[in-house]
Amino acid sequence: MEPYRIKVVEPLPQTTRQQRAEALERVSYNLFDLRADEVTIDLLSDSGTGAISAAQLSAGMNGDESYAGSRSFYRFHETVSELTGYPHILPVHQGRAAERILFSTLLTPGSTVLSNTHFDTTRANVQLAGCQARDLPCPEAKDLDSPHPFKGDIDLKALEQALSAADASPVAAVVMTITNNGGGGQPVSMENLRRTAELCRRHGVPMILDAARFAENAWLVTRHEPGYQDRTPRQVAEEAFRLADGCVMSAKKDGIVHIGGFIGLTDPELAQKCERLLIATEGFATYGGLAGRDLDMMAQGLVEVTDPLYLAERADIAANLAQRVRAAGVDILEPPGMHALYLNAGRLLPHIPPHQYPGHALACQLYLRGGIRSAELGSLYLGEEDEHGNPVKSAPYELVRLALPRRVYTRSHYDHVAQTLADIAKDPSSVNGYRIVEQSPILRHFSIKLEPV
Ligand code: F0G
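Using the numbering used here, read the sequence shown as starting at 204 and increasing by one per residue.
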């Protein structure tokens, strides 16, 4: 059961099917353009959407809003240093600010960054720093149905080759994303992190954690990795941070706050350079674009998130929903992670070709029938067409992500999600595809306009 009870509630928006059909037409079938109060269950993202605890709220009330050197900063610094072991901690307003500041300081243009899989904004910030972002996911990650427990791992052979290749552009950093959001929310094993750290050390390349979901990664390590069964998630997390030379963190996920993040570093010179850019572009070094209360709430969230009871319940909610979805005949990217389920829309809707966007078609059905908002991760997001709309590039898989906000929805809300999917799966051939009517050249999924085929 949930290891918390509810003290503050918010009504769920209720709409009729007719209203949802009209809303879809009004926004040209782009779910990002819906008003949130037209959505009953919002599974668009687990980022900044969690419920804060009474302890976080009261920590926030105790925030110190001094411009410089606030008590909140010192409390935050102490908590994050204890967790990570890094002496240099720079607060930022969210993960992508951490990426921009660290990468534009650490990376030399023309070099390469390697990763198990870069998250979109991580990739964008590597590219904005004039560098190439290369993903080296482990071979098991390619098989959506494989229940291998650590499909978030980096391919160590490919990593060693890339680090040793004399003719390639120099490798400036290795980024390990825990858990691997771009790779289906799959965890990375401690063995893989340790061996990556060894390779990085041997080649003199810094290893940076993208630690947005470090606690969920740690939980899955205690469940599935030999030698870690008797360790607490907190101990595993502490060990993971200490294997790396630093981290970028979006605290909107495993900090359980609505806004916040940080950079953690071991290298004092690098930290000093980052601090200069932080002051010029985010805010003074002791607040980094946040209020004192945000720092206090983040510090408290970072302690709560490794509670084994909280993590066990979160894993159980994802596993239960996965079980119900499979039973309804909808395949998911296996095994279910913790922050999201990734539905295999390509397999459910084989009559819809990639460039009529089966993932998007499923996401629209989830909204139309159940008021549920999700995110397509398929050829709408990753594909390309020529100027006549003919397919040029398709995504490797047509997926839909159901992200699970922290401490927000109860089991009966997820029952509604499973039931809606089961209804769709009863007659998948009745689901229609879409065609693009208007799009922008970059990040098209945010602003695209479509119509039913
Ligand atoms: N790294 C990872 C692994 C992420 O999942 C995200 C955000 C970021 C970095 C960027 O952090 O949003 O605080 O700037 N992921 C969100 C998502 C948006 O829905 O998966 P941010």
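Quick reminder that beta carbons are idealized off the backbone N, C-alpha and C, glycines included.
Checklist entry - Is there contact here, the stretch 434 to 448 with the stretch 255 to 269, by at least three beta-carbon pairs under 8 Å? => result no
Checklist entry - What separation, rounded to the nearest whole angstrom, lies between the Cα atoms of Ala518 and Leu607? => result Position 315 of the sequence shown, counted from the start, is the residue given in the question as residue 518. Position 404 of the sequence shown, counted from the start, is the residue given in the question as residue 607. Ala518 and Leu607: Cα-Cα distance of roughly 11 Å.
Item to check | Local Cβ density within 10 Å of Lys652, reported as buried at 16 or more and exposed below that | outcome: The sequence position of residue 652 within the sequence shown is 449, counting from 1. Exposed is the call here.
Item to check | Val374 vs Ser314 beta-carbon contact at 9 Å | outcome: Counted from its first residue, the sequence shown places residue 374 at position 171. Counted from its first residue, the sequence shown places residue 314 at position 111. Yes.
Checklist entry - For the putative contact between Ser453 and Gly298, defined by C-beta atoms under 8 Å, what is the C-beta separation to the nearest angstrom? => result Here the question's residue 453 lines up with position 250 in the sequence shown. Here the question's residue 298 lines up with position 95 in the sequence shown. The pair is a contact, with the Cβ atoms about 3 Å apart (cut-off 8 Å).
Item to check | Inter-residue spacing [alpha-carbon to alpha-carbon] between Ala515 and Leu423 | outcome: Start at 1 with the first residue of the sequence shown, and residue 515 comes out as number 312. Start at 1 with the first residue of the sequence shown, and residue 423 comes out as number 220. Ala515 and Leu423 have their C-alpha atoms roughly 10 Å apart.
Checklist entry - From Arg445 to Arg604, what does the alpha carbon distance come to, in whole angstroms? => result As a first step, residue 445 is located in the sequence shown; it is residue number 242 there, counting from the start. As a first step, residue 604 is located in the sequence shown; it is residue number 401 there, counting from the start. Going from the Cα of Arg445 to the Cα of Arg604 covers about 31 Å.
Item to check | Three-state secondary structure (DSSP) of Ala336 | outcome: Counted from its first residue, the sequence shown places residue 336 at position 133. Reduced to three states, the DSSP call for Ala336 is strand.
Item to check | Opposing strand residues paired with Ala371 [DSSP bridges] | outcome: Walking along the sequence shown from the start, residue 371 turns up at place 168. For Ala371, which the question treats as bridged, DSSP gives no partner whatsoever.
Checklist entry - Is DSSP giving Asp245 helix, strand or coil here? => result Within the sequence shown, residue 245 is the residue found at index 42, counting from 1. The answer is strand: DSSP assigns Asp245 an E or B state.
Checklist entry - In chain order, which beta strand (DSSP E) runs of at least 3 residues are fully inside the stretch 544 to 608? => result 578 to 580, 594 to 596 and 602 to 606
Item to check | Start and end residues, alpha helix (DSSP H) containing Met500 | outcome: Here residue 500 refers to the residue found at position 297 when the sequence shown is read from its first residue. That run of the alpha helix (DSSP H) goes Gly495 to Glu507.
Next on the checklist: Distance check for Phe649 and Pro471, CA to CA, integer angstroms please.
Outcome noted: Within the sequence shown, residue 471 is the residue found at index 268, counting from 1. Within the sequence shown, residue 649 is the residue found at index 446, counting from 1. Here the alpha carbons of Phe649 and Pro471 stand approximately 38 Å from one another.
Next on the checklist: I want to know whether the stretch 380 to 399 touches the stretch 349 to 358 - three or more CB-CB distances under 8 Å.
Outcome noted: yes
Checklist entry - With C-beta atoms as the reference, is Thr320 less than 9 Å away from Pro340? => result For the purposes of this step, residue 320 is taken as residue 117 along the sequence shown, with counting starting at 1. For the purposes of this step, residue 340 is taken as residue 137 along the sequence shown, with counting starting at 1. Going by C-beta atoms, Thr320 is nearer than 9 Å to Pro340.
Checklist entry - Looking only at its own chain, which residues have a Cβ that is under 6 Å from the Cβ of Cys403, when we skip the five neighbours before and after it? => result As a working note, residue 403 is residue 200 in the sequence shown. Once the five neighbours on either side are set aside, the close Cβ partners of Cys403 are Val377 and Met410.
Checklist entry - Out of curiosity, what's the CA-to-CA distance linking Gly272 and Thr325? => result Counted from its first residue, the sequence shown places residue 272 at position 69. Counted from its first residue, the sequence shown places residue 325 at position 122. Straight across, the Cα-Cα distance linking Gly272 with Thr325 is about 30 Å.
Checklist entry - Can you find a heavy atom of the ligand F0G that lies under 8 Å from the Cβ of Glu485? => result By one-based count along the sequence shown, residue 485 stands at place 282. No.
Checklist entry - Alpha carbon to alpha carbon, how far is Asp626 from Asp618? => result Within the sequence shown, numbered from 1, the residue matching residue 626 stands at position 423. Within the sequence shown, numbered from 1, the residue matching residue 618 stands at position 415. Their backbone Cα atoms lie some 12 Å apart in a straight line.
Checklist entry - Where does the unbroken alpha helix (DSSP H) through Lys652 begin, and where does it stop? => result Position 449 of the sequence shown holds residue 652. Where Lys652 is concerned, there is no enclosing alpha helix (DSSP H), although the beta strand (DSSP E) it sits in stretches over Lys652 to Pro655.
Next on the checklist: Short of 8 Å in beta carbon distance, which residues of its chain neighbour Tyr492, apart from the five on each side in sequence? Order them along the chain.
Outcome noted: Within the sequence shown, numbered from 1, the residue matching residue 492 stands at position 289. With the sequence shown as reference, residue 492 is identified as Gly, and Tyr is not the correct amino acid for it. Closer than 8 Å at the Cβ level, and outside the excluded window around Gly492, lie Pro294, Val295, His296, Ala300, Glu485 and Gly486.
Item to check | Cβ distance (whole Å) where Leu583 is taken to contact Tyr545 below 8 Å | outcome: As a working note, residue 583 is residue 380 in the sequence shown. As a working note, residue 545 is residue 342 in the sequence shown. Going by Cβ atoms, the distance from Leu583 to Tyr545 rounds to 15 Å, so no, they are not a contact pair.
Checklist entry - Taking the alpha-carbon positions, what's the Leu512 to His461 distance? => result Counted from its first residue, the sequence shown places residue 512 at position 309. Counted from its first residue, the sequence shown places residue 461 at position 258. The alpha-carbon atoms of Leu512 and His461 are separated by roughly 22 Å.
Next on the checklist: Output needed for Ala224: all residues of its chain with C-beta closer than 8 Å, excluding positions within five of it in sequence on either side, in chain order.
Outcome noted: The sequence position of residue 224 within the sequence shown is 21, counting from 1. Within the same chain, Ala224 has close Cβ partners Leu571.
Checklist entry - What residue range is occupied by the uninterrupted alpha helix (DSSP H) comprising Pro436? => result For the purposes of this step, residue 436 is taken as residue 233 along the sequence shown, with counting starting at 1. Pro436 to Leu446 is the span of the alpha helix (DSSP H), which, as asked, contains Pro436.
Checklist entry - Is it true that the CB of Gly266 sits closer than 9 Å to the CB of Ala488? => result Here residue 488 refers to the residue found at position 285 of the sequence shown. Here residue 266 refers to the residue found at position 63 of the sequence shown. Not in contact: Ala488 and Gly266 (Cβ atoms no closer than 9 Å).
Next on the checklist: Which residue marks the beginning of the beta strand (DSSP E) containing Tyr637, and which one marks its end?
Outcome noted: By one-based count along the sequence shown, residue 637 stands at place 434. Run containing Tyr637: Tyr637 to Glu641, per the beta strand (DSSP E) assignment.
Checklist entry - In this structure, does DSSP put Ser318 in helix, strand or coil? => result The residue given as residue 318 occupies position 115 in the sequence shown. Looking at Ser318 - three-state DSSP - the assignment turns out to be strand.
Item to check | Whether Gln432 touches Pro538 by CB criterion (9 Å) | outcome: Locating residue 432 in the sequence shown gives position 229, counting from the first residue. Locating residue 538 in the sequence shown gives position 335, counting from the first residue. Cβ distance not < 9 Å, so Gln432 and Pro538 don't count as in contact.
Item to check | Alpha carbon of Asn593 to alpha carbon of Gln559, nearest angstrom | outcome: As a first step, residue 593 must be located in the sequence shown, where it is residue number 390. As a first step, residue 559 must be located in the sequence shown, where it is residue number 356. So the two alpha carbons sit approximately 11 Å from each other.
Item to check | Identified DSSP bridge partners for Val283 | outcome: Stepping through the sequence shown from its first residue, residue 283 is reached at position 80. Note: Val283 sits in no beta bridge, so no partner.
Next on the checklist: Is it buried or exposed, Met204, if we count other Cβ atoms within 10 angstroms and call 16 or more buried?
Outcome noted: Position 1 of the sequence shown, counted from the first residue, corresponds to residue 204. Exposed.
Checklist entry - From Ala564 to Asn635, what does the alpha carbon distance come to, in whole angstroms? => result The sequence position of residue 564 within the sequence shown is 361, counting from 1. The sequence position of residue 635 within the sequence shown is 432, counting from 1. Whole-angstrom Cα-Cα distance: 6 Å.
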